[in-house]
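Going by this note's numbering, the letters in the sequence shown line up with residues 11 to 265, in that order.
So the structure is just underneath, and the comments pick up after that.
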Amino acid sequence: MKEDRDFVTALARGIQVLRCFTAERPELGTTQIAALVGLPQSTVWRLCHTLTKIGLLVPGREPDKVRAGPGVLTLGYASVASAGLAEHAYRPMKDIADQFGVAVSLAAPTGTDMVVVQRAEAPTILRLALHVGSSLAMASSALGWAYLAGLEATGRSRTDAMLRKALGTAWPEAEKGIAGARKHYAEHGYVLNLRHYHPDVNAIGVPVVSSSRRVVMALNSGGAVSVATVEKLRGPIADALKDLASRLSGMLPQD
């Protein structure tokens with residue numbers, strides 16, 4: 011068989027490792043992975059180390075084991091978007107944006123950020139240079155707070171630990187905002203980010219959660235404080251976002 015000079019063996023092996031993790035095998039040790047992919051354990055150890063460094067694997071609950079990390083889900087969100095979720099979301103997002111003179115974004119987590127996968131804006135919206143592909147800080151944005159509020163207990167603990175490590179001395183202050191957002195979500199079903207991420211912008215966010223609660227994205231709506239008033243955010247915009255989140259949740263993968 012002719013050698014394929016364009017074939018990247020290391021990349022293929024890394025993907026082989028990621029494919030080992032399933033609902034039936036959520037956590038694996040290097041010995042188990044080596045047996046599944048037919049590679050030396052030393053090679054598998056290096057692959058797992060690299061995949062952990064870039065966020066595709068995270069430490070497991072059991073010592074010496076790893077599991078798929080949030081970064082793996084992020085890879086899947088592109089597939090979700092291309093399969094129709096982002097396209098399906100655009101029309102109702104645009105309707106909300108035009109009705110209230112705001113912007114509406116749908117985002118997925120990647121590392122310590124939220125990446126916009128769909129966005130709709132009213133013609134009169136205050137421009138913040140945000141577009142599909144833009145990243146916002148998970149720890150301080152409405153999208154991030156909504157995502158963090160929607161996580162189940164294990165996901166919260168894991169993500170909080172990641173943010174704590176990444177933010178260092180800034181974590182205690184960020185944690186206050188996140189805790190407040192989670193409390194507000196538990197009471198009202200949405201989070202409010204009032205002039206926190208940007209001094210001239212008010213925003214509201216809601217999580218989009220699969221029925222299994224294993225896949226979480228976020229929706230937000232925001233605009234200039236003179237347009238996105240607290241009363242409007244808490245009233246009709248909150249109702250519209252929660253309704254849209256409920257409809258989109260059924261389109262998310264369950265694993």
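In this text, a Cβ means the ideal position worked out from N, Cα and C, and glycines have one as well.
Treat the numbers as computed from the prediction; the structure is a model and nothing was measured.
Expected contact under 8 Å - CB spacing of residue i and residue j to nearest Å
i	j	result
valine 225	leucine 262	5 Å
threonine 122	leucine 173	6 Å
isoleucine 214	alanine 152	6 Å
tyrosine 195	valine 201	5 Å
valine 112	valine 218	Contact doesn't hold; Cβ gap of about 18 Å is too wide.
Extent of the continuous alpha helix (DSSP H) run through residue i
i	result
valine 27	19-28
glutamate 185	181-198
glycine 154	152-160
valine 54	51-63
valine 76	It is not in any alpha helix (DSSP H) - valine 76 instead sits in the beta strand (DSSP E) that spans 76-78.
Proximity of residue i and residue j at Cβ, strictly below 8 Å
i	j	result
leucine 229	valine 216	yes
isoleucine 64	valine 54	no
phenylalanine 110	lysine 242	yes
valine 47	cysteine 58	no
alanine 234	valine 211	yes
leucine 95	serine 115	no
valine 68	threonine 62	yes
alanine 99	leucine 258	yes
aspartate 71	leucine 49	Per the sequence shown, residue 71 should be read as arginine rather than aspartate. Not in contact: arginine 71 and leucine 49 (Cβ atoms no closer than 8 Å).
threonine 32	glycine 81	no
serine 150	glycine 187	yes
Cβ-heavy atom distance, residue i to the ligand FMN, below 7 Å
i	result
serine 259	Within the structure as shown, the ligand FMN is missing, as the structure has no ligands at all.
Boundaries of the beta strand (DSSP E) in which residue i is found, first to last residue
i	result
alanine 113	113-120
serine 231	226-234
methionine 124	123-131
isoleucine 214	211-219
methionine 145	Note on identity: in this sequence residue 145 is serine, with methionine being the wrong assignment. Residues 145-147.
Separation of residue j from residue i, as counted between CA atoms
i	j	result
valine 76	glutamate 34	14 Å
glutamate 97	isoleucine 106	15 Å
aspartate 170	arginine 15	43 Å
phenylalanine 17	valine 27	17 Å
glutamate 185	glutamate 162	17 Å
alanine 147	glycine 154	7 Å
proline 36	alanine 78	7 Å
leucine 21	glycine 190	42 Å
serine 221	glycine 260	7 Å
leucine 177	threonine 19	35 Å
arginine 56	alanine 45	15 Å
serine 92	aspartate 108	Note that serine 92 has pLDDT 49, beneath the 50 cutoff, so the model's placement of it is unreliable and no number is given.
arginine 205	valine 142	22 Å
glutamine 51	glycine 165	29 Å
asparagine 203	threonine 134	21 Å
proline 4	leucine 38	Since the first and last residues shown for the chain are 11 and 265, residue 4 lies out of range.
serine 231	aspartate 249	12 Å
isoleucine 25	proline 209	43 Å
lysine 175	glutamate 183	14 Å
glutamate 131	lysine 104	6 Å
glycine 199	threonine 40	41 Å
alanine 156	methionine 227	8 Å
serine 168	arginine 244	Inspection of the sequence shows that residue 168 is occupied by arginine rather than by serine. About 30 Å.
Checklist entry - Three or more C-beta pairs closer than 8 Å, one from the stretch 122-132 and one from the stretch 245-254: is that the case here? => result no
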